[in-house]
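K.L.:
What follows is a single structure, and I will ask about it in a moment.
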Amino acid sequence: VIELGAPRRSVETTCAYCGVGCGLRAELRDEQVVRMVPWKDGRANEGHACVKGRFAYGYATHEDRITTPMIRDSIDEPWREVGWDEALAFTAARFSEIQARHGRNSIGAITSSRCTNEEVYLVQKLVRAGFGNNNVDTCARVCHSPTGYGLKTTLGESAGTQAFASVAQADVIVVMGANPTEAHPVFGSRLKRRLREGAQLIVIDPRRIELVDAPHVQAAFHLALRPGTNVAVLNALAHVIVEENLHDQAFIDARCDSAAFAQWREFIRDPMHSPEALEELSGVSAQTLRGAARLYASAGNAAIYYGLGVTEHSQGSTAVMGIANLAMLTGNLGREGVGVNPLRGQNNVQGSCDMGSFPHELPGYRHLSDTAARSQFEAAWGVSIDPEPGLRIPNMFDAAVDGQFLGLYCQGEDVAQSDPNTEHVEAALASLECLVVQDIFLNETARFAHVFLPGASFLEKDGTFTNAERRISRVRQVMPPLSGKADWEVTRDLANALGCTMDYTHPEQIMAEIAALTPTFAGVNYELLDEYGSLQWPCNEGAPQGTPTMHVEQFVRGQGLFAITDFIPTEERVNRRFPLILTTGRILSQYNVGAQTRRTANTAWHAQDLLEIHAEDAQQRGIADGDWVGIESRVGATVLRAQLSERVRPGVVYTTFHHPVSRANVVTTENSDWATNCPEYKVTAVQVSRVNAP
Ligand code: SF4
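Heads up: the sequence shown is residues 236 to 929, going by UniProt numbering.
Written as structure tokens, this is what we have:
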């Protein structure tokens with residue numbers, strides 16, 4: 236905190252939007268935030284910030300904020316404002332009563348990647364120690380859970396390998412299924428700077444993202460693949476590298492499991508993986524596939540950055556492993572300028588995963604079957620922990636519809652708008668006997684809630700966020716919580732109401748507990764974070780100042796594991812009734828379901844979601860630019876305005892999901908990743924037709 240002379244002061248904190256995690260300084264006058272400026276010492280952003288971080292903070296004091304707890308006996312009744320004690324006692328009584336009737340596994344919780352590490356940690360502790368089960372999942376389930384699975388399997392750690400700064404050393408940069416200039420703008424600028432300096436770019440994306448044609452940045456290759464063929468394309472690239480002997484045998488011999496590599500090499504050499512065999516399926520010419528493979532393999536340093544266009548598929552985990560295979564094959568791991576780098580969507584996706592809010596893992600990615608890890612938590616918490624994994628989010632919804640799952644504590648996550656197949660989600664939420672929503676606004680999910688616990692914005696609390704490069708940064712309280720409680724206090728008090736004693740008085744004590752129980756966080760404390768500004772985990776005895784580059788001497792799992800990546804087509808097929816493939820993404824000025832960005836003073840930001848459609852497809856359907864169009868899939872239908880665009884290829888349409896009125900997820904299906912159940916948002920077969928204005 237810097238005193239600027241009463242009544243002015245400023246507070247250094249961290250942006251609560253995307254996974255870049257920019258350091259920001261909130262400047263206050265008369266205790267009102269009047270400006271957000273990028274913090275010049277912020278290592279993730281080096282003095283830069285985008286429009287969201289700088290200008291979209293007004294939502295914190297928007298008139299829609301709910302600051303008083305509310306309860307109701309049934310969702311047909313109006314809300315009743317009550318005090319905190321009554322709301323928490325009501326919740327505790329309902330949860331206890333449900334468990335008494337239906338068993339301890341009948342309730343669970345969803346944690347938020349918008350909340351701090353400390354807050355997420357408390358929710359998973361409440362579930363394991365208070366609810367007595369492992370029914371805790373994170374909203375990362377629907378975005379980067381395949382990253383966790385794929386990178387843990389191949390490299391041994393569920394996280395990106397590099398610091399953002401490492402891109403300055405890259406000679407060839409692959410951007411796959413990500414749109415950094417829109418979704419991760421400050422990193423996007425850094426990446427562009429390196430491209431302007433001469434690094435070569437390969438874009439693998441069905442859509443012609445801005446980077447492909449950015450001034451002075453022409454992509455060497457744009458692999459405009461058909462949605463759903465990521466794994467086939469990755470296999471084709473690997474096939475060329477092996478066939479043309481472009482791989483780094485010395486690296487493989489020194490660093491990787493030789494038996495797994497030998498088996499994988501036989502698999503990938505099969506002619507079925509050749510570019511010529513896959514060009515029709517993928518929609519990318521064999522010549523382009525071969526050129527891209529040669530460029531990637533011949534670089535001194537080649538780095539891969541990827542996003543939800545890789546993970547949100549029925550083969551999301553396979554694609555992540557395919558990316559890791561490519562990096563190991565060419566020796567592009569373990570030093571600056573290389574690596575496998577997931578670009579995380581939300582500010583604390585990495586942290587929410589690190590903190591053990593998965594139904595099968597304790598904090599630090601330790602599986603529940605790890606007896607030593609489980610015993611450590613049992614001793615610290617004074618409870619016994621069920622070794623059986625709990626329910627994932629989609630399993631919770633299915634069990635709710637079946638009447639087996641009846642109580643849900645939902646921390647800062649609007650599942651009714653963000654999760655796929657909205658009608659199924661709404662049916663599940665409507666089946667619950669006690670839905671508790673903790674949020675700053677009365678969101679779409681709250682329509683089905685019995686308890687609303689007002690949350691706090693990032694300006695109202697202390698804690699930490701962990702960004703996409705594993706960087707833990709401080710969040711500092713700028714103003715008191717409008718509701719009187721920060722989210723960690725709400726969870727603590729709910730735990731106490733349930734008889735699960737928690738006596739923390741500051742998030743620093745929670746971080747001390749996390750550090751004591753989580754080897755990768757063992758050296759993290761607020762004092763050190765204040766001293767260094769931020770720390771990249773692992774931060775422990777072996778790396779007291781953190782770890783910018785992972786897997787330097789050896790992989791975390793020991794030897795890198797080449798994974799077999801069979802291409803299995805998605806079940807979502809186009810046919811005469813649903814001839815187009817819908818894929819989704821974000822725009823720069825909006826953020827996810829728009830709860831915050833739609834509540835900013837700048838009305839220019841309130842643009843609607845549009846359906847991008849190629850002129851050829853539009854002409855066939857008599858659709859002109861700006862027309863209203865109906866979009867129908869196998870599970871639902873919605874209406875948007877059409878935007879004719881050359882960014883999408885014929886046969887593919889694209890939209891964003893920032894506005895509740897668009898209900899884009901009404902049409903997305905329940906198909907999901909085979910390993911993690913991450914929904915297949917990126918491939919939905921649809922029909923599009925011109926309709927009258929709604
Ligand atoms: Fe915030 Fe991301 Fe923009 Fe940085 S790039 S200011 S973290 S939204």
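Where a beta carbon is used, it is the ideal one built from N, C-alpha and C, also for glycine.
(1) Any heavy atom of ligand 1 closer than 8 Å to the CB of L543?
(2) On a Cα-Cα basis, can you pick out the residue from L846, V272, G367 that is closest to V618?
(3) Looking at the secondary structure, which residues open and close the alpha helix (DSSP H) in which N576 lies?
(4) Restricting to Cα atoms, I'd like to know which of H602, H297, N414, C250 is closest to R882.
(5) Rounded to a whole number of angstroms, what is the C-alpha to C-alpha distance between T303 and F486?
(6) Looking at the structure shown, is Q855 part of a helix, part of a strand, or coil, going by DSSP?
(7) Spatial neighbours of M556 within its chain, please: C-beta separation below 7 Å, excluding the five flanking residues on both sides.
(8) Is DSSP giving D440 helix, strand or coil here?
(9) If we ignore side chains and look at the alpha-carbon of each, how far apart do D299 and L263 end up?
(10) Rounded to whole angstroms, how far is the Cβ of D372 from the Cβ of I342, which I believe are closer than 8 Å?
(11) Indicate the three-state DSSP secondary structure (helix, strand or coil) for L597 in the structure shown.
(12) From the DSSP output, read off the bridge partner residues of H602.
(13) Along the chain, where does the alpha helix (DSSP H) that runs through Q359 open and close?
(14) Count the C-beta pairs between the stretch 697 to 706 and the stretch 669 to 681 that are closer than 8 Å, then say yes if the count reaches three, no if not.
(15) Taking the alpha-carbon positions, what's the residue 181 to E867 distance?
(16) Below 8 Å, is the gap between the Cβ of P577 and the nearest heavy atom of ligand 1?
(17) Looking at the structure shown, is D860 part of a helix, part of a strand, or coil, going by DSSP?
(18) Considering only their Cβ atoms, is the gap separating I444 from V452 smaller than 9 Å?
(19) Would you kindly work out how many angstroms separate the C-alpha atoms of V901 and T657, rounded to a whole number?
(20) Put H283 into one of helix, strand or coil per three-state DSSP.
(21) Hey, out of N470, I745, G580, whose CA is closest to W723's CA?
(22) Going by alpha carbons, who is nearest to A455 out of A528, L764, P313, G690?
(23) Can you pull the DSSP bridge partners for A872?
(24) Report buried or exposed for K720, applying the criterion of at least 16 other Cβ atoms within 10 angstroms of its Cβ.
(25) Between K287 and ligand 1, is there a pair consisting of the residue's CB and a ligand heavy atom that are separated by less than 8 Å?
(26) Taking the C-alpha atoms as reference points, what is the distance between L911 and L516?
(27) Mapping DSSP to helix, strand and coil, what is Q843?
(28) Report whether the distance from the Cβ of N414 to the nearest heavy atom of ligand 1 is below 8 Å.
P.N.:
Considering the structure as presented:
(1) The count along the sequence shown starts at 1 and reaches residue 543 at position 308. Because no heavy atom of ligand 1 lies under 8 Å away, the Cβ of L543 does not count as near it: no.
(2) Looking up residue 618 in the sequence shown gives position 383. Minimum Cα distance to V618 is reached at G367.
(3) Sequence index remark: in the sequence shown, residue 576 carries index 341 (1-based). Looking at the DSSP string, N576 is not in any alpha helix (DSSP H); the run it does join, the beta strand (DSSP E), is 574 to 577.
(4) Position 647 of the sequence shown holds residue 882. For the residues H602, H297, N414, C250, the minimum Cα distance to R882 belongs to N414.
(5) The residue given as residue 303 occupies position 68 in the sequence shown. The residue given as residue 486 occupies position 251 in the sequence shown. Cα to Cα, the separation comes out at about 59 Å.
(6) Position 620 of the sequence shown holds residue 855. In this structure, Q855 counts as helix in the three-state DSSP scheme.
(7) The residue given as residue 556 occupies position 321 in the sequence shown. Answer for M556: G385, T388, T389, A798, T800, listed in chain order.
(8) Working through the sequence shown from its first residue, we reach residue 440 at position 205. Correct three-state label for D440: coil.
(9) As a first step, residue 299 must be located in the sequence shown, where it is residue number 64. As a first step, residue 263 must be located in the sequence shown, where it is residue number 28. Roughly 22 Å separates the two Cα atoms.
(10) Locating residue 372 in the sequence shown gives position 137, where the first residue counts as 1. Locating residue 342 in the sequence shown gives position 107, where the first residue counts as 1. Contact doesn't hold; Cβ gap of about 13 Å is too wide.
(11) Position 362 of the sequence shown holds residue 597. Note: L597 maps to strand in three-state DSSP.
(12) The residue labelled residue 602 in the question sits at position 367 within the sequence shown. Paired residue(s): E596.
(13) For the purposes of this step, residue 359 is identified with residue 124 of the sequence shown, where counting begins at 1. Residues 352 to 360.
(14) no
(15) Because the chain here runs from 236 to 929, residue 181 falls outside it and cannot be looked at.
(16) For the purposes of this step, residue 577 is identified with residue 342 of the sequence shown, where counting begins at 1. No, ligand 1 has no heavy atom inside 8 Å of this Cβ.
(17) As a working note, residue 860 is residue 625 in the sequence shown. Coil at D860, not helix or strand.
(18) Position 217 of the sequence shown, counted from the start, is the residue given in the question as residue 452. Position 209 of the sequence shown, counted from the start, is the residue given in the question as residue 444. No.
(19) Walking along the sequence shown from the start, residue 901 turns up at place 666. Walking along the sequence shown from the start, residue 657 turns up at place 422. If you take the alpha carbons of V901 and T657, they lie about 5 Å apart.
(20) Residue numbering aside, residue 283 sits at position 48 when the sequence shown is read from its first letter. Reduced to three states, the DSSP call for H283 is coil.
(21) Here the question's residue 723 lines up with position 488 in the sequence shown. Closest by alpha carbon: I745.
(22) Counted from its first residue, the sequence shown places residue 455 at position 220. When each option's Cα is compared against that of A455, the closest is A528.
(23) Position 637 of the sequence shown, counted from the first residue, corresponds to residue 872. A872 is bridged to E867.
(24) For the purposes of this step, residue 720 is taken as the residue at position 485 of the sequence shown. Buried, because 16 or more other Cβ atoms sit within 10 Å of the Cβ of K720.
(25) Taking the first residue of the sequence shown as 1, we reach residue 287 at position 52. K287: yes, Cβ under 8 Å from ligand 1.
(26) For the purposes of this step, residue 911 is taken as the residue at position 676 of the sequence shown. For the purposes of this step, residue 516 is taken as the residue at position 281 of the sequence shown. The sequence given here has Thr at residue 911, not Leu. Straight-line Cα distance between these residues: approximately 25 Å.
(27) On the sequence shown, position 608 is the one that residue 843 refers to. Q843: coil per DSSP, three-state reduction.
(28) For the purposes of this step, residue 414 is identified with residue 179 of the sequence shown, where counting begins at 1. N414 Cβ: outside cutoff for every heavy atom of ligand 1.
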